[in-house]
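One structure is given here, and the rest of the page talks about it.
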Amino acid sequence: MSNGPAFLHALPAYLGGKRQLCPVLFALLGEAIEHDRWHGMTFVDPFMGGGSVSLYAKAAGFRVLCNDLALRSAVVGRALIANSSVRLTQADVAAVLREPSERYPRLAEQEFCPGVFSREHAQPVDRALYWLHAGQIPEPRRSLLTLLLVKWILRLQPMSMLRGTDARAAAGGDYDRVSPRRVGHYLRSRELLAPAAWWELTREVNLGVFAGEGEVHQQDAFEFLGSIEGDVVYLDPPYPGTTSYEKEYAVLDCLLEGRRYDASDFSGRTPPLDELFHACRHIPIWLVSLGNASMAKEELIDSISRHATIRRLVEIPYRHLQSIASEEKNVRNREYVILATR
Numbered sequence: 039m040s041n042g043p044a045f046l047h048a049l050p051a052y053l054g055g056k057r058q059l060c061p062v063l064f065a066l067l068g069e070a071i072e073h074d075r076w077h078g079m080t081f082v083d084p085f086m087g088g089g090s091v092s093l094y095a096k097a098a099g100f101r102v103l104c105n106d107l108a109l110r111s112a113v114v115g116r117a118l119i120a121n122s123s124v125r126l127t128q129a130d131v132a133a134v135l136r137e138p139s140e141r142y143p144r145l146a147e148q149e150f151c152p153g154v155f156s157r158e159h160a161q162p163v164d165r166a167l168y169w170l171h172a173g174q175i176p177e178p179r180r181s182l183l184t185l186l187l188v189k190w191i192l193r194l195q196p197m198s199m200l201r202g203t204d205a206r207a208a209a210g211g212d213y214d215r216v217s218p219r220r221v222g223h224y225l226r227s228r229e230l231l232a233p234a235a236w237w238e239l240t241r242e243v244n245l246g247v248f249a250g251e252g253e254v255h256q257q258d259a260f261e262f263l264g265s266i267e268g269d270v271v272y273l274d275p276p277y278p279g280t281t282s283y284e285k286e287y288a289v290l291d292c293l294l295e296g297r298r299y300d301a302s303d304f305s306g307r308t309p310p311l312d313e314l315f316h317a318c319r320h321i322p323i324w325l326v327s328l329g330n331a332s333m334a335k336e337e338l339i340d341s342i343s344r345h346a347t348i349r350r351l352v353e354i355p356y357r358h359l360q361s362i363a364s365e366e367k368n369v370r371n372r373e374y375v376i377l378a379t380r
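Just so we're aligned, residue 39 is where the sequence shown starts under my numbering, counting upward by one.
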């Protein structure tokens with residue numbers, strides 16, 4: 039496991055996750071609100087994604103209102119933000135991996151094998167999906183088990199990228215066609231079939247269950263912002279000029295919901311940031327993070343300043359994975375973190 043609070047290990051390994059950014063975000067927030075006032079204040083996260091900021095806010099004592107349109111993210115909220123006491127047992131995991139007594143859909147095996155999964159990896163995915171969709175598992179246990187399945191699926195692929203171009207070759211044992219940097223990962227992925235590997239991931243999920251207050255919504259971000267009140271809002275919309283989550287995690291969306299999402303407007307050339315900031319005008323304290331791929335710092339400052347007073351801006355260098363960004367681009371990459379008040 040990497041460094042950081044243990045509870046963050048419960049989260050899925052999503053691209054663009056903010057677990058490393060959390061200390062910076064909450065240090066900035068401490069400049070606007072004393073730490074001893076955080077307990078009981080409401081923290082709003084309309085683009086929850088992988089859930090790191092919402093979970094960090096819950097651990098810091100905030101009441102958390104989190105939201106995401108996709109089920110792959112909403113289950114994180116139901117499992118860890120809205121849930122403060124229920125944890126998974128070995129019996130829970132064994133039950134969701136057992137072979138059903140009746141015929142059941144084999145979506146992973148039929149649609150994503152061998153392009154994403156080997157046959158031996160696809161089979162437990164399909165068994166788990168059958169039980170998760172059967173309507174027999176109550177919340178929050180169902181979301182905890184779904185989160186466990188998502189973590190397991192992402193762990194199968196190098197860098198948790200489900201669109202790996204050499205997955206098909208690896209599934210067929212043709213390792214000469216697999217990138218040397220990924221061969222070891224594919225070979226070790228067989229170890230994830232063992233019950234001990236499932237239980238290790240289960241223990242990680244359980245680390246994210248602790249006392250606190252939170253609720254999760256699954257709707258359009260603008261609709262969500264128009265329906266809630268809060269003291270602090272964290273705005274982390276999809277970054278323009280980067281790979282969209284809808285494309286990267288289309289396999290998860292098909293498996294969990296039987297659908298594919300269109301790319302968010304925020305991933306396009308003209309993201310509706312002005313409309314987003316306007317939708318937050320009823321919330322007094324803002325934290326904003328955005329990359330510089332398609333928006334200059336001055337442009338972002340001007341956009342926010344039309345709606346709020348910028349208290350602080352921090353530039354943080356960051357690197358994309360080598361497989362999706364050149365060294366030249368990584369040298370230029372910056373993430374802007376802004377504290378603003380109304």
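In this text, a Cβ means the ideal position worked out from N, Cα and C, and glycines have one as well.
**Report entry** Proximal residues to Val163 (C-beta, below 6 Å), its chain only, five neighbours per side dropped
**Finding:** Position 125 of the sequence shown, counted from the start, is the residue given in the question as residue 163. Correct list, in chain order: Ala146.
Query raised in the report: Buried or exposed: Gly329, going by 16 or more other Cβ atoms within 10 Å of its Cβ?
Result: As a first step, residue 329 is located in the sequence shown; it is residue number 291 there, counting from the start. Classification of Gly329: buried, given that the 10 Å Cβ count is 16 or more.
Query raised in the report: In terms of DSSP beta bridges, what is Pro355 paired with?
Result: Counted from its first residue, the sequence shown places residue 355 at position 317. Its beta-bridge partners are Arg372.
Query - Beta-carbon proximity check, Asp269 vs Val91, cutoff 8 Å - result: If you number the sequence shown from 1, residue 269 lands on position 231. If you number the sequence shown from 1, residue 91 lands on position 53. Result no, Cβ atoms of Asp269 and Val91 do not sit closer than 8 Å.
Query - Residue nearest to Trp169 in terms of C-alpha spacing, selected from Asp130, Ala209, Arg219, Asp83 - result: For the purposes of this step, residue 169 is taken as the residue at position 131 of the sequence shown. Closest by alpha carbon: Asp130.
**Report entry** Counterpart residues of His255 in DSSP-defined beta bridges
**Finding:** Within the sequence shown, residue 255 is the residue found at index 217, counting from 1. For His255, which the question treats as bridged, DSSP gives the partners Asn105.
Report task. Hey, could you find the ends of the alpha helix (DSSP H) Ala191 is sitting in? Result -> The residue you call residue 191 lines up with position 153 of the sequence shown. Here residue 191 is Ile; the residue named in the question, Ala, does not match the sequence. Run containing Ile191: 179-194, per the alpha helix (DSSP H) assignment.
Query raised in the report: Going by the beta-carbon positions, is the gap between Pro190 and Trp236 smaller than 8 Å?
Result: Position 152 of the sequence shown, counted from the first residue, corresponds to residue 190. Position 198 of the sequence shown, counted from the first residue, corresponds to residue 236. As written in the sequence, residue 190 is Trp, which differs from the Pro given in the question. Against a cut-off of 8 Å, the Cβ pair of Trp236 and Trp190 comes out as a contact.
**Report entry** Enclosing beta strand (DSSP E) for Leu449 [first to last residue]
**Finding:** Summary: the structure shown does not reach residue 449, with the chain confined to residues 39 through 380, and so no result is reported for it.
Query raised in the report: How should Ala249 be labelled, buried or exposed, when 16 other C-beta atoms within 10 angstroms of its C-beta is the threshold for buried?
Result: Indexing the sequence shown from 1 puts residue 249 at position 211. The residue in question, Ala249, is exposed, as its Cβ has fewer than 16 Cβ neighbours within 10 Å.
**Report entry** Residues bridged to Asp17 [DSSP beta-bridge criterion]
**Finding:** Absent from the structure is residue 17, since the part of the chain shown begins at 39 and ends at 380.
Query - Residues bridged to Ile323 [DSSP beta-bridge criterion] - result: Within the sequence shown, numbered from 1, the residue matching residue 323 stands at position 285. Val270, Thr379, per the DSSP bridge assignment.
Query raised in the report: Of all the options Gly78, Ser139, Glu158, which has the alpha carbon lying nearest to the alpha carbon of Gln381?
Result: The chain is shown from 39 up to 380; residue 381 falls before or after that span and cannot be answered.
Requested in this report: Could you spell out where the alpha helix (DSSP H) holding Gln58 opens and where it closes?
Outcome: Counted from its first residue, the sequence shown places residue 58 at position 20. Run containing Gln58: none; DSSP gives neither H nor E here.
Query raised in the report: By the 10 Å Cβ neighbour count, where 16 or more other Cβ atoms means buried, how is Pro196 classified, buried or exposed?
Result: For the purposes of this step, residue 196 is identified with residue 158 of the sequence shown, where counting begins at 1. Residue environment analysis places Pro196 among the buried positions, since at least 16 neighbouring C-beta atoms fall within 10 angstroms of its C-beta.
Requested in this report: Could you tell me whether the Cβ atoms of Ile321 and Leu351 are closer together than 8 Å?
Outcome: Indexing the sequence shown from 1 puts residue 321 at position 283. Indexing the sequence shown from 1 puts residue 351 at position 313. No, they are not a contact pair.
Requested in this report: Could you name the residues of the same chain whose beta carbon sits closer than 8 Å to that of Val62, not counting the 5 residues immediately before and after it, in chain order?
Outcome: As a first step, residue 62 must be located in the sequence shown, where it is residue number 24. Same-chain partners within the cutoff: Val352, Ile354, Val375.
Query - DSSP state of Thr308 mapped onto helix, strand, coil - result: Position 270 of the sequence shown, counted from the first residue, corresponds to residue 308. Looking at Thr308 - three-state DSSP - the assignment turns out to be coil, as it is neither helix nor strand.
Query raised in the report: Gly222 to Arg307, Cα distance in whole Å?
Result: Here residue 222 corresponds to residue number 184 of the sequence shown, with the count starting at 1. Here residue 307 corresponds to residue number 269 of the sequence shown, with the count starting at 1. Each residue's Cα considered, the two are about 38 Å apart.
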